[in-house]
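Using the working numbering, the final residue of the sequence shown is 1090, and nothing's skipped along the way.
All residues carry an ideal CB built from backbone N, CA and C; glycine is no exception.
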Amino acid sequence: MSTIVHKDIPYIEGSTDKEQTLDLYIPQQAFDQERLPPLFVYIHGGCWRSSDKSEYVYLGTTMAKFGQQACATGTEKSATGGLVSICVINYRLTDRELPPSFKHPKHWLDCLSSIEFLVQNGTKYGYDSSRIYLCGHSAGGHLTGLTALDPPQTWWESLDADRSDLPISKRIRGVIGLCGIYDHTSLVDRYPDYFEFTEMTFGTDRTKWNATAPMHAPFSQADCEIMNSLYPPTFRPHGEMMHHLKYWIIRSTKDELLDHQQSQDYFKHLQELKMENIRLVEEDYGTHFGALENDTLLKLFCDFCQADS
């Protein structure tokens, strides 16, 4: 069993910024199956100001290995044999200088650009771009939450990519929020020490924080107006939320950095939005960052990508 690794692929044409790159982990057998495998896209945390895709090689290689094992043993009967291709992205980070030069929504816009690139390049690299699954950890849970509940309008428009006119929204089949930050206002209220990185990322005006949190999406007209001035002129925000998603909220009971309230409150929010296929998982997967090297959890990620293949 072997894995093809593509490192430091730029996902914005003309960009030379290392933070606007991604890594792909493709099972060697990807092109030998009845159809290409689904793609699992991991978006890291780090308080919007730290971490790098190079820290998640274990996640990429281990998930690819699990998929290949399932394929080799025949335990997975899907058309892809249980294979999963994995992507780990970088996005530009808020610097620690005051005042910071890089704030929300720029991190999220980078994440959207990476997904749009991945939609266009499935056949080239070895994954099915009509079956994309997102996973956001910690601050990445905030970024995937916004993607699910407040995607761009253009993501609902048909496009011709990989010989399919499926819009991007329909290519995203599922989202996992892992130990995520979904409401930074309530987080800071309970844990004032988190104010520093929240202020650096979202500004000093707390009355505007709700306009940037998945817990309050889809957003009110007032919140939309707050954000619209911060988007690029060509960006069309506030498309319809993705009701069709399989959306799992996962939290390790040994998470020492984020309490259960973030996950439980956000899950209730998804229920109120009448999301059709949601699940709250609270198990002991280890510490906040240690969970990312828990093989049981990584196997669950692989299974998540196969359930509706």
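Cβ neighbour criterion (16 or more within 10 Å) applied to residue i
i: histidine 1024; result: exposed
i: glutamine 1087; result: buried
i: alanine 853; result: exposed
i: phenylalanine 847; result: buried
i: alanine 1003; result: exposed
i: phenylalanine 812; result: exposed
i: glutamine 1091; result: With the chain represented from 782 up to 1090, any question about residue 1091 goes unanswered, as that position is not in the structure.
i: serine 1010; result: exposed
i: arginine 877; result: exposed
i: serine 1044; result: buried
i: threonine 875; result: buried
i: proline 1014; result: exposed
i: threonine 982; result: buried
i: lysine 834; result: buried
Nearest neighbour of residue i, chosen from the options [CA to CA]
i: isoleucine 1059; options: Phe1048, Leu927 and Glu836; result: Phe1048
i: valine 1092; options: Arg830, Asp804, Gln809 and Asp813; result: Any answer about residue 1092 is impossible in this case: the structure gives the chain only from 782 up to 1090.
i: glycine 1067; options: Leu947, Arg952 and Glu1037; result: Glu1037
i: histidine 1050; options: Asp1040, Gly926, Phe1016 and Leu1011; result: Gly926
i: leucine 1073; options: Thr966, Tyr837 and Asp876; result: Tyr837
i: tyrosine 792; options: Ser967, Leu899 and Gln814; result: Leu899
i: phenylalanine 825; options: Phe1070, Gly917 and Cys1005; result: The sequence shown places histidine at residue 825, rather than the phenylalanine named in the question. When only C-alpha atoms are compared, the closest one is Gly917.
i: tyrosine 972; options: Asp1040, Asp789, Lys1080 and Asp1076; result: Asp1040
i: glutamine 801; options: Leu959, Ser895 and Lys884; result: Ser895
i: proline 783; options: Asp798, Asp970, Ser1033 and Gln849; result: Correcting the residue identity first, residue 783 is serine in this sequence and not proline. If we check each option's Cα against that of serine 783, Gln849 comes out closest.
i: cysteine 1083; options: Leu915, Thr979, Leu924 and Phe978; result: Leu915
i: methionine 1022; options: Leu1054, Tyr975, Tyr1012 and Pro1013; result: Leu1054
i: phenylalanine 892; options: Ala929, Glu815, Ser882 and Gly863; result: It is worth fixing the name first, because residue 892 is cysteine in this sequence and not phenylalanine. Cα-wise, what sits closest to cysteine 892 is Ala929.
i: isoleucine 962; options: Ala998, Gly921, Val1062 and Lys951; result: Gly921
i: glutamate 794; options: Ile913, Asp946, Leu1079 and Glu897; result: Glu897
i: serine 1033; options: Tyr1012, Ser919 and His888; result: Ser919
i: leucine 924; options: Lys951, Gly827 and Arg952; result: Gly827
i: asparagine 1075; options: Lys1035, Gly863 and Asp964; result: Lys1035
i: phenylalanine 1070; options: Glu815, Ser832, Leu820 and Thr797; result: Ser832
In DSSP terms, what residue i is bridged to
i: serine 1027; result: Checking the sequence shown, residue 1027 turns out to be lysine, not serine. Lysine 1027 pairs with Gly955 and Asn1058.
i: leucine 805; result: His787 and Cys868
i: leucine 752; result: This structure cannot settle anything about residue 752, because the visible part of the chain is limited to 782 through 1090.
i: glutamate 1064; result: Ser1033
i: histidine 918; result: Leu959
Residue i Cβ short of 6 Å to the ligand NAD heavy atom set
i: glutamate 815; result: With respect to the ligand NAD, the structure shown offers nothing to examine, as it has no ligands at all.
*Is there contact between the region 896-916 and the region 987-994, where contact requires at least three CB pairs shorter than 8 Å?*
Too few Cβ pairs lie closer than 8 Å, so no.
*Determine, using beta-carbon pairs with one atom in the region 866-886 and one in the region 832-847, whether at least three such pairs fall under 8 Å.*
Because the criterion of three Cβ pairs below 8 Å is met, the region 866-886 and the region 832-847 touch.
*Quick one: complete alpha helix (DSSP H) runs, 4+ long, within the region 964-990?*
Scanning the region 964-990 from its first residue to its last, the whole alpha helix (DSSP H) runs of 4-plus residues come out as 965-971 and 976-983.
*Counting Cβ pairs, one atom from each stretch, are 3 or more of them under 8 Å apart for the region 1015-1034 and the region 928-938?*
Contact holds: three or more Cβ-Cβ distances are below 8 Å.
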